Amino acid sequence: MINSYVVVGGGTAGWLTACILAKKLSEYSDKTVTLIESPDIPPIGVGEGTVPSIRETLKMIGISETDLFSKCDATFKQSIKFESWLKPGADNSQHYYHHLFDFPFPFGESLSPLWQNLKQSGVDTPSFASLASIQEYQAELGRAPKRITDPEYTGISDYAYHFDALKFARLLKEHGTSNLGIRHVTDNVVTVNKKSDGSILNLNMQSGITLEFDFFVDCTGFKSVLLGDALEVPFIPKSDVILTDKALTIQVPNLSEDIPPYTISKAHRCGWIWDIALTSRRGVGFVYSSKHLSDDDAINEFGNYLGMKLNADDVRVVDMRIGFREKFWYKNCVAIGLSQGFIEPLEATAILLSDFSANLFCNKLPQAHDDLEVLSERFNERVSSAWNSVVDFVKLHYCISDRDDSQFWLDNRNDSTIPDSLLEKLALWKLHGPTKDDFTNNFEVFRLENYLYVLLGMEYSAKYNPVSENQLKRLQEQAERVKSTAEQVAQQTQKQLKVIEAIKQYGLSKC
14 MINSYVVVGG GTAGWLTACI LAKKLSEYSD KTVTLIESPD IPPIGVGEGT
64 VPSIRETLKM IGISETDLFS KCDATFKQSI KFESWLKPGA DNSQHYYHHL
114 FDFPFPFGES LSPLWQNLKQ SGVDTPSFAS LASIQEYQAE LGRAPKRITD
164 PEYTGISDYA YHFDALKFAR LLKEHGTSNL GIRHVTDNVV TVNKKSDGSI
214 LNLNMQSGIT LEFDFFVDCT GFKSVLLGDA LEVPFIPKSD VILTDKALTI
264 QVPNLSEDIP PYTISKAHRC GWIWDIALTS RRGVGFVYSS KHLSDDDAIN
314 EFGNYLGMKL NADDVRVVDM RIGFREKFWY KNCVAIGLSQ GFIEPLEATA
364 ILLSDFSANL FCNKLPQAHD DLEVLSERFN ERVSSAWNSV VDFVKLHYCI
414 SDRDDSQFWL DNRNDSTIPD SLLEKLALWK LHGPTKDDFT NNFEVFRLEN
464 YLYVLLGMEY SAKYNPVSEN QLKRLQEQAE RVKSTAEQVA QQTQKQLKVI
514 EAIKQYGLSK C
């Protein structure tokens, strides 16, 4: 029987996985969950953006949303605002669009045919996001997606969070050890010993003890100490598709009282910049391709964005190994987080895939060693679909851009750097815009709604069937309803900082 589980590695991935696992096993007195955390290896702590699915997980494991805001400097995230991913306009205006979290089918009907009809007619066209959802209007006004009277994890619009990743991991650790029975061991793994069948037997620790468990979860980050080093599962690089491979990160004071409820993603000549506002500070990162931009030039350009002179010692350099493992679960070991893989920070996919993989694994936990082969095969198939979905979706942002101010953008549009699966989708959408029938795999983590926001936000020329006058009239009426509803909701909501301050003072009611 499999009774003892160990998560090796802390940080967001480790503690989130341990909490999910402990919650799933909480009804079984003979099951144990241990987390081993190195005292010498700090977590990367870079990922500070999430997607809405995290709310369901936090609610399930018993984290209070009030505590999240009180202890993690959290702010609301309603979208990613993409700036300068297309060339400037004729008047030198900078293009932007929102990838919102609300489903872009107001009142059950797609407005994408209306948007394309308006665009092709040459009239001044509002953004697709503003036609399809009230959320762009709310985000641009800086409004929170919920009111203080809304119970925990509910709101007027769908939302996620920005938070301090180190404080978030600390909150998970406190909750997991105090409320979920997770045993916490602070020590370094020195040797991973294997059985004759190739599975993991036990761990020799720096303290001199040997720890033995039935099942091992690798959350050791890019090193992948268990799945990669010990079990020798190959790594599949994707650097031929995703051309960014470095990031500079810095924390700067948040001098504005008007905190935007979205991540800013601003393109530059060889990559992009993330800018995330927390209640206490901003977390800013400069993502780039070292093939197209030197480290010194990257530091200078990053400083220009921040309006300050930067030296190499002022920033943290993160070397990104782009790709993922050939298998994610092998023998009696599963990898979660960076030990599984990484496809750059765009679209907050690191925490997304950690959350997705941990829940998928815990929904079908092995009871005995005989279960491992069948369950791992199904898990690997589904997680592989998720990773390939992420690769396609992240690449989409680059390959449909019309920027030509550097070889970086030209290389991203070269067909040799675009996966065949994405090329096929784009060729299809040239003939007919995307529909739900184009997304038949339930384990693709980015689906129709995500593609619509990005494709139409970046003015991709997707074709739709001609719209009749009656259809056009009805769609226009729907668009007016969206606008009217957005204005009404704006009267009911407040700036997000006011709502966050009220949450900290009064707390949120439970669902």
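Sequential numbering of the sequence shown, starting at 14, is according to my numbering.
Using N, Cα and C, we set each Cβ at its ideal position, and we do this for glycine too.
All figures in this text were calculated on a predicted structure; none of them were measured in a lab.
| Query | Result |
| --- | --- |
| List the whole-angstrom C-beta distance separating residue 370 from residue 240, where the pair is believed to meet the contact cut-off of C-beta under 8 Å. | Wrong, their Cβ atoms sit about 12 Å apart, outside the cutoff. |
| Going by C-alpha to C-alpha distance, which of 200, 77, 151 and 313 sits closest to residue 52? | 200 |
| Look up residue 140 in the DSSP assignment and say whether it is helix, strand or coil. | coil |
| So for residue 454, helix, strand or coil by DSSP? | coil |
| Below 8 Å on the Cβ atoms is my guess for residue 25 versus residue 182; work out the distance and round it to an integer in Å. | 5 Å |
| Who pairs with residue 297 in a beta bridge, going by DSSP? | 263 and 288 |
| In three-state terms, what does DSSP make of residue 166? | coil |
| Is it buried or exposed, residue 68, if we count other Cβ atoms within 10 angstroms and call 16 or more buried? | buried |
| Can you tell me where the beta strand (DSSP E) holding residue 199 begins and where it ends? | 196 to 199 |
| Quick one: any contact between the region 428 to 445 and the region 484 to 500, if contact means 3 or more CB pairs under 8 Å? | no |
| Mapping the DSSP letters down to three states, classify residue 74 as helix, strand or coil. | helix |
| With DSSP as the reference, identify every bridge partner of residue 93, one or two as the case may be. | 112 and 276 |
| Under 8 Å: do the region 322 to 329 and the region 340 to 351 share three or more Cβ pairs, one atom per stretch? | no |
| Roughly how many angstroms separate the alpha carbons of residue 317 and residue 295, rounded to a whole number? | 16 Å |
| Is residue 324 helix, strand or coil when you go by DSSP? | coil |
| Three or more C-beta pairs closer than 8 Å, one from the region 164 to 173 and one from the region 133 to 143: is that the case here? | no |
| What residue does the beta strand (DSSP E) around residue 306 start on, and which one ends it? | Run containing residue 306: none; DSSP gives neither H nor E here. |
| Buried or exposed, going by whether 16 or more other CB atoms sit within 10 Å of the CB of residue 364? | buried |
| Does DSSP put residue 62 in a helix, a strand or coil? | strand |
| Please determine, among 179, 154 and 276, the residue with the shortest C-alpha to C-alpha distance to residue 27. | 179 |
| If distances are taken between C-alpha atoms only, which option among 390, 441 and 461 comes closest to residue 402? | 461 |
| Could you check if residue 301 is buried or exposed, using at least 16 other CB atoms within 10 Å of its CB as the buried criterion? | buried |
| Is there at least one Cβ from chain C nearer than 8 Å to residue 400's Cβ? | Absent from the structure: chain C. Only one protein chain is present. |
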